[in-house]
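Residue numbers for the sequence shown follow my numbering, beginning at 6 and rising by one.
Even for Gly, the Cβ is constructed at its ideal location relative to N, Cα and C.
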Amino acid sequence: MEDNDNKKRIWYLSDGNPTQEERIKEYDHFCSTYEQVFKEEGWQSPYVCADTVGSYIRDNRDKVEILDLGVGTGLVGERLHHLGFRTFDGIDPSHGMLTLAEKKHIYRNLYCQLFTSKPTNIKEGTYDAICISGAFGKGDIPEDSVYEMIRLGKPGCILCFVGRTVAFELLLPLLETLEKTKQLKKEEITETQRYRKNVAGLIIVYRIIKD
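Now the structure itself:
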């Protein structure tokens, strides 16, 4: 794929206005060259996301259960595995992306579906951490999906979001509301220059509170 085509595709997925169906189809077509383009464009978000989770969970990493949302080809899981974590599930609506993630042989379960506020078939209180790298916002994972994240997390579960600031315009007020109602506790909101080459991003970390 030519460099110009790659840049057009990245713009289309990031700043265009594709329907959900068009977005999934595009990722299915994109999957074979995704990691190559990822490196060429200087994306660091999966590594920032995994490293952030690691900064909050230092002990017994081999026993920690993590949900990777918008898993793509499994770059977050690959980094988490390098850090000593061993149990990951992933969700992504692109079958092509999940096929490549599966080939890494590090995921326990991979689910091909959209992630929204609608309850999944996953058992309540399963995860110690839930992470999302670059898959939040317009056309991707919606802000009200946080309610399903809360259902799936154990008490104290870390929610880690890494993405462009614009992606979190609707999420941040909701997180503040959920903190006021004592469902979440803010750990950090930090700007990072490592999201993508010449593109800054945010690291957002909250902790789930349950009785």
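Neighbour-count burial assignment, ARG63, 16 or more Cβ in a 10 Å radius: With a 10 Å radius around the Cβ and a threshold of 16 neighbouring Cβ atoms, ARG63 comes out exposed.
Three-state secondary structure (DSSP) of SER99: In the structure shown, SER99 sits in coil (DSSP, three-state: anything other than H, G, I, E or B).
Straight-line Cα distance separating CYS54 from ARG201: In this model, ARG201 and CYS54 are separated by some 13 Å (Cα to Cα).
Any 3 or more C-beta pairs closer than 8 Å across the stretch 156-172 and the stretch 201-210: Verdict: yes, contact present.
Outcome for HIS110 when other beta-carbon atoms lying within 10 angstroms are tallied against a minimum of 16: So HIS110 ends up on the exposed side.
Nearest residue (CA-CA) to SER50, options GLU26, GLY75 and GLN118: Check the Cα spacing between SER50 and each of GLU26, GLY75 and GLN118: the tightest is with GLY75.
Among THR125, LYS215, GLY139 and LEU189, nearest to THR170 - alpha-carbon criterion: The residue among THR125, LYS215, GLY139 and LEU189 with its C-alpha nearest the C-alpha of THR170 is GLY139.
Span separating the alpha-carbon of VAL42 from that of ASN114: Rounded to whole angstroms, VAL42 to ASN114 spans 26 Å at the Cα level.
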